[in-house]
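Reading through the structure tokens given below for one structure.
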Amino acid sequence: MNVVYNIGNDQQYQLLLTLKVRQLHSNGFTGISYDDLHHILINHKWKRRQPTRLSEIADDILHLNEDEIVRWLAVDSRVKGYSSSLDDYRHLIEKEEL
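Taking my numbering, the leading residue of the sequence shown gets 137, the next gets one more, and so forth.
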């Protein structure tokens, strides 16, 4: 039986994500945050198969490419858009009218 690796507050996991964010920023993807990558890994990459070893986590993080990240963020934005109403954006509309 495989035990799922607990990423909780793991320093190695945090370091790997930070390194990946810095790499993406140096490649011009400055809008991608640590939280974006964490969300992509938890909710997309590891949704069906969670890693059991730190080496699997490192491999998954370091091999994420920009196309995958942008595709997953686009899917998330569509899902959020479908579940939103115009009232959710009222504060933005009211600010523009000022």
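Every residue gets a Cβ at the ideal spot worked out from N, C-alpha and C, and that includes glycine.
6 Å Cβ shell around D212 - same chain, five flanking residues per side excluded: none
The region 163-174 in contact with the region 200-210 per 3-pair CB rule at 8 Å: yes
Buried versus exposed, by CB contacts within 10 Å (16 or more), I143: buried
Endpoints, the alpha helix (DSSP H) within which L155 is located: 147-162
Inter-residue spacing [alpha-carbon to alpha-carbon] between L177 and H227: 31 Å
Beta-carbon proximity list for Y149, same chain, < 7 Å, skipping 5 on both sides: I143, I193
Whole runs of the alpha helix (DSSP H) within the region 176-217, excluding any shorter than 4 residues: 190-198
7 Å CB neighbourhood of Y170 in its chain, flanking five on each side removed: L153, T154, V157
Which of helix, strand or coil DSSP assigns to I143: coil
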